[in-house]
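All remarks here apply to the structure that follows.
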Amino acid sequence: MVLTKYEVLKKYFGYDSFRDGQDEVIDNIVSGRDVLCVMPTGAGKSLCYQIPAIMLSGVTIVVSPLISLMKDQVQSLSNIGVKAAYVNSSLSENVIEKVYARIKGNLYKIIYVAPERLFSNAFINTIREIDISLVVVDEAHCISKWGHDFRPNYLNIAEFVSKLKSRPVVSAFTATATRQVRQDIVTLLQLNDPYVCISSFDRKNLFLDVRHPDNKNDELLEVLKNHTNESGIIYCITRKTVDTVCDLLNKRGYSATKYHAGLDDEERTKNQEDFIYDKKLIIVATNAFGMGINKSNVSFVIHYNMPKDIESYYQEAGRAGRDGNRAECILLYGEEDIFTNKYMIEHSVDDKDNKAIEYKLLEKMIGYCITEKCLRAYILNYFDEEAKEKCGNCSNCLQTNYEICDMTEQAGIIVDCLKGMSKKYGKTMLVNILKGSKDKRILSEHLYELHDYGKLHSLNRNEIERLIDKLIVLGIIVKRGVEYPVLVIGRGLEDDERIEIRVPKRSVGSIRKKDSLKPVESELFSVLKKLRYELSVQEGIPAYLIFSNATLKDMCLKMPTTKEEFMVVDGVGEYKSAKYADRFISEIKKYIDGSNI
1 MVLTKYEVLK KYFGYDSFRD GQDEVIDNIV SGRDVLCVMP TGAGKSLCYQ
51 IPAIMLSGVT IVVSPLISLM KDQVQSLSNI GVKAAYVNSS LSENVIEKVY
101 ARIKGNLYKI IYVAPERLFS NAFINTIREI DISLVVVDEA HCISKWGHDF
151 RPNYLNIAEF VSKLKSRPVV SAFTATATRQ VRQDIVTLLQ LNDPYVCISS
201 FDRKNLFLDV RHPDNKNDEL LEVLKNHTNE SGIIYCITRK TVDTVCDLLN
251 KRGYSATKYH AGLDDEERTK NQEDFIYDKK LIIVATNAFG MGINKSNVSF
301 VIHYNMPKDI ESYYQEAGRA GRDGNRAECI LLYGEEDIFT NKYMIEHSVD
351 DKDNKAIEYK LLEKMIGYCI TEKCLRAYIL NYFDEEAKEK CGNCSNCLQT
401 NYEICDMTEQ AGIIVDCLKG MSKKYGKTML VNILKGSKDK RILSEHLYEL
451 HDYGKLHSLN RNEIERLIDK LIVLGIIVKR GVEYPVLVIG RGLEDDERIE
501 IRVPKRSVGS IRKKDSLKPV ESELFSVLKK LRYELSVQEG IPAYLIFSNA
551 TLKDMCLKMP TTKEEFMVVD GVGEYKSAKY ADRFISEIKK YIDGSNI
């Protein structure tokens, strides 16, 4: 008997209803129509193709560039009773041969494969012998040069599909895609009249925060005070910064590990698994970490440095709160992040046109960091989605971390200083002049003779930079050039114009709301988390694959004492109920018997 999408959802995944957009995508795939689905990280993209894969008669091939995703997804599917496998460079040829033999024996329902494997003779010969109902292209933005992670191998996917004995349904999924990237996906993958689902990019459970600290280490430690015993990711732009920040946290007593390409494979794998299996609560990493990691109990993501583009930032930030619980996404911005990103663009991108694209994307990212408007609206507008002027769930809207300062006089000094320069300089030089720096270039070019030299020495660099950014946003000053931009006078400062900026308060705390669980429920939550961890150790799988934090919290609210009641808990399907119900119900009964309720 063929199960309906709702029966599959409940039986395997333990939920009674779909999130926005999921059921329409599933319906179109099952009906035989190609699909382009754009959903933000944590919105449930995987379910959109896993449910059709279970419902359709043949096998589903999932093309993904992410080795970590393949392993994570296969573990997750196996833990709910769905047969799945992956084929990538992490497997030995001997193991791959065994996987191929099982594929020929129709032992798998879903097969994950790396794009570079698609044209290997062994893989082609293997899949030609089976019925393929669906080809899924995950991280589909990788096919576009306008995407944030272009992969040349993705350009061969359409040719691969054309070589199959009959064309299956093709569906493309991505978390971040502008209109240009979406057009490229449809064209380059040769999708046939696809159903296009562009889900809202708004992750309402994420609190967005951009800070301009004088000292990033002090600010980081201040933030972490509000995340005791919580799992989190800290992203840094360079390997050296990762090492430094991780050392700092370990010296301060935090349970932290690190991940970057400079570590050998063994250490990198161990550190990632320590984080995934909750042996370490915090991982400090470059952007090499996290792609495809579905760890659901990440409560915060902190960007120690500004990423290179909005797509990268939102995808990385979106790894927080995947279980639907409230989570924080905090970016610690500093002017030095701009120079580091520009250096990387210059030394990693050869093509002139691609370089120009990278610079344009970086400018949009800088705009997010310096805007005084709603952060959520800025991101949603970037992805061509309309948004309210104020979301009420970001640091700019709440303004809790800021105080308003009248900087009209200081703005006038900046404008006058710029007018008095005979040559054009960038922001750094302007700040140095206003601070009264004894920089060699200032001395050699006699810039200390300017009338406004040193007039803003009482302000710190961040405050001057923020004021200059405000003047640029208002058009009073104009920035020209991309790689080495210089500042020139724009419309100028009007006589009666007042300039105000928001200045970060010192040693600010977190704005996050407290957990909604009552004290007695929080106690039970700790008991169930301990049981979950013990089971994960016994089975050798991450704790979140047994049950997410959201599912444990629903258990605390419902306190099921029978298997029938246990099946009503969100996230509990038939397979997991049969496997875990007795253990969790036993702990819940013990807790009830030993409490005063």
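The opening position of the sequence shown corresponds to residue 1 in this note's numbering, with each subsequent residue numbered one higher. Each residue gets a CB set at the ideal place from its N, CA and C atoms; glycine is no exception. Bear in mind that the values here come from a model prediction, so they are computed numbers and not experimental data.
CB residue 275 to CB residue 295, shorter than 9 Å?
Residue 295 sits close to residue 275, with the two beta carbons spaced by under 9 Å.
From which residue to which residue does the beta strand (DSSP E) around residue 63 run?
Per DSSP, residue 63 belongs to the beta strand (DSSP E) from 59–63.
Chain-order list of residues whose beta-carbon lies under 7 Å from that of residue 493 (same chain, five-residue window excluded):
Counting only Cβ-Cβ distances below 7 Å, and skipping sequence neighbours, we find 411, 412, 415, 476.
So, for residue 4: in the same chain, excluding its five sequence neighbours on each side, which residues have a beta-carbon less than 7 Å away from its beta-carbon?
Here the set comprises nothing.
Extent of the continuous beta strand (DSSP E) run through residue 479
Going by DSSP, residue 479 is part of the beta strand (DSSP E) stretching over 477–480.
Would the beta-carbon of residue 581 fall within 9 Å of that of residue 563?
In this structure, residue 563 lies closer than 9 Å to residue 581 by Cβ.
Along the beta strand (DSSP E) that carries residue 84, what are the first and last residues, could you check?
For residue 84, the uninterrupted beta strand (DSSP E) segment begins and ends at 84–87.
Alpha carbon to alpha carbon, how far is residue 594 from residue 529?
About 18 Å.
Please look up how many angstroms separate the CB atoms of residue 310 and residue 232, rounded, as I've assumed it's under 8 Å.
The pair is not a contact, with the Cβ atoms about 21 Å apart (cut-off 8 Å).
If residue 561 sits next to residue 546, beta carbons under 8 Å apart, how far is it from one beta carbon to the other, in whole angstroms?
Your pair residue 561 and residue 546 does not check out as a contact, with CB atoms roughly 20 Å apart and the cut at 8 Å.
May I ask you to verify whether the segment 493–503 touches the segment 458–476, counting CB pairs closer than 8 Å and requiring at least 3?
With a cut-off of 8 Å, the segment 458–476 and the segment 493–503 count as touching, because enough Cβ pairs lie within range.
Any idea what DSSP makes of residue 327, helix, strand or coil?
Residue 327 sits in a strand when the DSSP states are folded into three classes.
Short of 6 Å in beta carbon distance, which residues of its chain neighbour residue 9, apart from the five on each side in sequence? Order them along the chain.
Excluding residues within five positions, the ones whose Cβ falls inside 6 Å are 15.
Look at the alpha carbon of residue 438 and the alpha carbon of residue 447, and state the distance between them as a whole number of angstroms.
For residue 438 and residue 447, the distance between alpha carbons rounds to 10 Å.
With distances taken from CA atoms, which of 110, 105, 94 is nearest residue 77?
For the residues 110, 105, 94, the minimum Cα distance to residue 77 belongs to 110.
Does DSSP classify residue 428 as helix, strand or coil?
DSSP, reduced to helix, strand and coil, places residue 428 within a helical segment of the structure shown.
Determine, using beta carbons only, whether residue 239 comes closer than 9 Å to chain B.
The chain inventory of the structure shown lacks chain B, comprising one protein chain alone.
According to DSSP, which residues form a beta bridge with residue 198?
DSSP output for residue 198 lists 38 as bridge partner(s).
Going straight from the alpha carbon of residue 345 to that of residue 355, what length do you get?
In this structure, the CA atom of residue 345 is about 7 Å from the CA atom of residue 355.
Compute the Euclidean distance between the alpha carbons of residue 512 and residue 326, then round it to the nearest angstrom.
With a pLDDT of only 46 at residue 512, under 50, the local geometry of the prediction cannot be trusted, and the value read off the model is given with reservation. Linking residue 512 to residue 326 through their CA atoms gives a straight-line distance of about 8 Å.
CB-CB under 8 Å to residue 58, same chain, minus the five flanking residues each way: which ones, in chain order?
Same-chain partners within the cutoff: 130, 131, 132, 133, 134, 168.
Beta strand (DSSP E) containing residue 384: first to last residue?
Under the DSSP assignment, residue 384 falls outside any beta strand (DSSP E); it carries neither an H nor an E label.
In whole angstroms, give me the CA-to-CA distance for residue 488 and residue 422.
Whole-angstrom Cα-Cα distance: 11 Å.
Candidates 481, 211, 378: which alpha carbon is nearest residue 306's?
Between residue 306 and the set 481, 211, 378, the nearest pair of CA atoms involves 211.
Buried or exposed: which applies to residue 592, given that a residue is buried once 16 or more other Cβ atoms fall within 10 Å of its Cβ?
The residue is exposed, with fewer than 16 neighbouring Cβ atoms inside 10 Å.
Please classify residue 152 as buried or exposed, where buried requires at least 16 other C-beta atoms within 10 Å of its C-beta.
By the 10 Å Cβ count, residue 152 comes out exposed.
Distance, residue 403 Cα to residue 24 Cα
When only Cα atoms are considered, residue 24 and residue 403 end up about 46 Å apart.
I need the straight-line Cα distance from residue 11 to residue 221, nearest angstrom please.
In a straight line, the C-alpha of residue 11 is about 44 Å away from that of residue 221.
Are there 16 or more other CB atoms within 10 angstroms of the CB of residue 343, so buried, or fewer, so exposed?
By the Cβ-count criterion, residue 343 is exposed, with fewer than 16 other Cβ atoms from all chains shown falling within 10 Å of its own Cβ.
For residue 509, does the count of other Cβ atoms within 10 angstroms reach 16, so buried, or fall short, so exposed?
Any reading at residue 509 must be qualified, since the residue scores a pLDDT of 42, below 50, and its modelled position is unreliable; the value itself is stated next. Answer is exposed; the Cβ neighbour count stays below 16.
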